[in-house]
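Protein chains in written order, with the working numbering: chain A, 126 to 438; chain B, 38 to 335.
For reference, the structure discussed in these notes is given below.
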Amino acid sequence: MGWNMPRGVLISCIVVVAALAFIPMADSRYLIDISTEILVYVLFALSLNVIIGYSGNVSFGHAAYFAIGGYANAILLTTYEWPLILSFPTAVVLSGLAAAFVAYFCTRLTDIYFAMLTLAFAMLVWAIAFKWRSVTGGDDGFVGVTIPELIDGRVPFFYFTLIIVTISTAVLWMICHSAFGQTLVAVRENITRAGFIGVNTRLMRIGAFVVAGSFAGIAGAIFAMYNRGVYTESAFWTESAQVLIMTLLGGMYSFFGPAIGAATLYLLERFANEYTQYWPTVLGVILLVIVLVLPEGLVGLAKRVRERLAGGN
Amino acid sequence: MDMLLSSPTFVFIQVLNSISLGMNLFIIAAGLSLIFGVLRVINFAHGVFYMFGAYIMYTVAQDLELGFVTGVIAAAAGLAVIAVVVERGLFQWLYGKEHLMQLLLTFAIVLIMGDLAKVIWGTDQLSVSYPDGMDGALNLGITFYPSYRLMLAVIGPVIFIGLFLLIERTRWGRLTRAATQDMEMLSALGINVPIIYVTIFLIGAALAGVGGALAAPINSPTPGMDATIIVECFVIVIIGGLGSLWGTFVGALIYGFVFNFGSVIVPNWQDVFAFLLLMVVLLIRPWGLFGKPEREGH
């Protein structure tokens, strides 16, 4: 996967994945659960960043594709008794198709209009999941998802998640650093000029949306099996806001920023919930800090600190 | 469906229901649209402002028994105070910054005020009774109709005309419109632009408060009511065109009709219809019915 990946980054990635692979040795259910969930959110946040960080649009409805992936995988596995090897890719393709459909509409607009339209479409998905009781289980959720025997169990499922998330992240890295990814950055920086040099900017933006939607679908499909259920809340706009915050907390102009943001926010929520029932307020304060002090996220902060230290010497 | 075809009275009632719902939503969405039109900020906190309006109504009219009208005024005044604090304390630092940051700031307000409401009013569903003399139905000749809903259908247009005159016919309204065009030039001419901004934010928030107060007898105040209303308002202002008062008015009416008749024709799927309507409108007019194409950012 050495697609222009700097050696330092490559080594860090290998170390992180290898360290994660040893987690089940600690024999702690709590640790395995937390790690599995973080991996899912990492992939979810990384996928959103293709739209935000690379194509420069803000999607406020990214949870829709996570939910579609989850529902599709759960329903195909359970109701139709498909094997995982078919249901999983189908779920991902469906998320990608849904993203393509929505992107066709949304890319007619930019900026705020784009964000609001993505939100409206996500709420359409939520409304359908909520009302189509016979298929999705409505507000009771779709419960009792069939899990293939091979990955049925805490440890095997953790390895399954680790493998899928690692491969997906590698593929995302390649996409973002390919000619396509670089063109997206050109579109983000100056859409008019990108158009002048012959880039089909709308198609590029649709492409980014489809990539993001598909990988969100992967995350959703894993999460549905992990939870053994899918609930309508996973498509609600507050869920989209949550993943957006993860992405921004980490830093949207860096490939791995959102991963750091996802892990940080998840752990903060986990710990905050042990001390207070007012996690939303804590999250609100975190947001205020991002907006007023850290617009470039934790990665931006780390860079600034490093520069200050280097300047001091 | 059969009911719809066979009974003109039933259709008449549904038409009134649609207008009444649409007009209640208009009052709230107008505030959102106004704030966007002038400040260029998508205010996610508008839903939570609405919720506070409903809760204040409960406290004033139900708990303290000070009467319905006092409740509406208190909701407007309460939200005006909150708006000034939020605008001066937070928003003013973000004008001209990235839209994303403004959006996140409003979301932070949603989270914090949502928790605050739980601390103050708890998590139970609260009920607010109809104002005196409005708990019954009015004889309209062909049928009886709840007088409270009828009043909502009347208040909406009154507020619409009031806002229209304020923005289009007064000196202050002209200054406001100028501020959306060229804020720097306006302030160079000696106009106090920050005052205009804070006033617009205040009026927008107060409208959300009034909308919430008026909705309280119909939609019992409860946590989470902010999350639904904000999406409905978004749908309305996108259909009508962001920042257009006319658009919001028409959008709210259309939404009322689609939602109501949708629920009659295919029960339970009315939300889906509203979003489908949104898609159709945007396919034909990406900027909404009364909206203007956005200006290029660069």
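Glycine included, C-beta positions come from ideal geometry on N, C-alpha and C.
Since this is a predicted model, take the numbers as computed values, not measurements.
As assigned by DSSP and simplified to three states, the class of residue i
i: Val318(B); result: helix
i: Asn176(B); result: strand
i: Pro330(B); result: coil
i: Pro194(B); result: helix
i: Phe185(A); result: coil
i: Pro323(B); result: coil
i: Gly133(B); result: coil
i: Pro183(B); result: strand
i: Gly354(A); result: strand
i: Phe396(A); result: helix
i: Phe361(A); result: coil
i: Phe380(A); result: coil
i: Phe267(A); result: strand
i: Ser180(A); result: coil
i: Leu419(A); result: coil
i: His83(B); result: helix
i: Gly126(B); result: helix
CB contact below 9 Å: residue i versus chain A
i: Ala120(B); result: no
i: Arg125(B); result: no
i: Trp158(B); result: no
i: Ala98(B); result: no
i: Asp161(B); result: no
i: Gly277(B); result: no
i: Phe80(B); result: At residue 80(B) the sequence reads Asn, which differs from the Phe that was named. So no, Asn80(B) is outside the interface.
i: His136(B); result: yes
i: Gly151(B); result: yes
i: Ala146(B); result: The amino acid occupying residue 146(B) in the given sequence is Ile; Ala does not appear at that position. Chain A contact via Cβ: present.
i: Trp209(B); result: no
i: Leu381(B); result: Residue 381(B) is absent from the model: chain B starts at 38 and stops at 335.
i: Val20(B); result: Because chain B is modelled from 38 through 335, residue 20(B) falls outside the range shown and cannot be assessed.
i: Ala111(B); result: no
i: Val309(B); result: yes
i: Val268(B); result: yes
Residue of the options minimising C-alpha distance to residue i
i: Ile289(A); options: Thr389(A), Val414(A), Ile210(A) and Arg233(A); result: Ile210(A)
i: Val262(B); options: Gly90(B), Met60(B) and Val230(B); result: The residue asked about is misnamed: residue 262(B) is Met in this sequence, not Val. Comparing Cα-Cα distances from Met262(B) to each of Gly90(B), Met60(B) and Val230(B), the minimum goes to Gly90(B).
i: Leu287(A); options: Ser160(A), Val355(A) and Phe255(A); result: Ser160(A)
i: Ser184(A); options: Leu234(A), Ile157(A) and Pro208(A); result: Leu234(A)
i: Val336(A); options: Ile370(A), Thr357(A) and Met299(A); result: Met299(A)
i: His136(B); options: Val78(B), Tyr92(B) and Gly84(B); result: Val78(B)
i: Met377(A); options: Leu249(A), Pro149(A) and Leu173(A); result: Leu173(A)
i: Asn176(B); options: Phe63(B), Val156(B) and Ser184(B); result: Ser184(B)
i: Leu171(A); options: Met371(A), Leu434(A) and Pro273(A); result: Met371(A)
i: Val118(B); options: Ser300(B), Ala245(B), Ile302(B) and Gly293(B); result: Ala245(B)
i: Val109(B); options: Val301(B), Ala243(B), Gly288(B) and Ile276(B); result: Ala243(B)
i: Ser359(A); options: Ala192(A), Leu156(A) and Arg132(A); result: Ala192(A)
i: Val280(A); options: Gly221(A), Ile163(A) and Asp158(A); result: Asp158(A)
Buried versus exposed, by CB contacts within 10 Å (16 or more), residue i
i: Ala216(A); result: buried
i: Leu65(B); result: The amino acid at residue 65(B) is misidentified as Leu; the sequence shows Ile. Result: buried.
i: Pro194(B); result: exposed
i: Gln402(A); result: exposed
i: Val175(A); result: buried
i: Phe321(A); result: exposed
i: Thr294(A); result: buried
i: Asn398(A); result: exposed
Beta-carbon separation (whole angstroms), residue i vs residue j, contact threshold 8 Å
i: Phe348(A); j: Gly195(A); result: 6 Å
i: Gly280(B); j: Ser70(B); result: 6 Å
i: Gly165(A); j: Tyr284(A); result: This sequence places Val at residue 165(A); Gly is not what is there. Not quite, the Cβ-Cβ distance comes to about 14 Å (not below 8 Å), so this is no contact.
i: Met241(A); j: Phe271(B); result: 6 Å
i: Leu251(B); j: Leu290(B); result: Going by Cβ atoms, the distance from Leu251(B) to Leu290(B) rounds to 17 Å, so no, they are not a contact pair.
i: Leu58(B); j: Phe312(B); result: Rounded, the Cβ-Cβ distance is 17 Å, inconsistent with contact.
i: Gly332(A); j: Phe305(A); result: 7 Å
i: Ala188(A); j: Ala254(A); result: Contact flag wrong, Cβ pair sits at about 11 Å.
i: Lys256(A); j: Val309(B); result: 6 Å
9 Å Cβ cutoff, residue i in contact with chain B
i: Val312(A); result: no
i: Leu440(A); result: There is no way to answer for residue 440(A), as the model of chain A reaches only from 126 to 438.
i: Tyr179(A); result: no
i: Val368(A); result: no
i: Leu209(A); result: no
i: Tyr238(A); result: yes
i: Phe282(A); result: no
i: Leu234(A); result: yes
i: Thr357(A); result: no
i: Pro383(A); result: no
i: Ile253(A); result: yes
i: Gly425(A); result: no
Residue-level contact to chain E via CB, residue i, 9 Å cutoff
i: Leu58(B); result: The question asks about chain E, but that chain is absent: this structure's protein chains are A and B.
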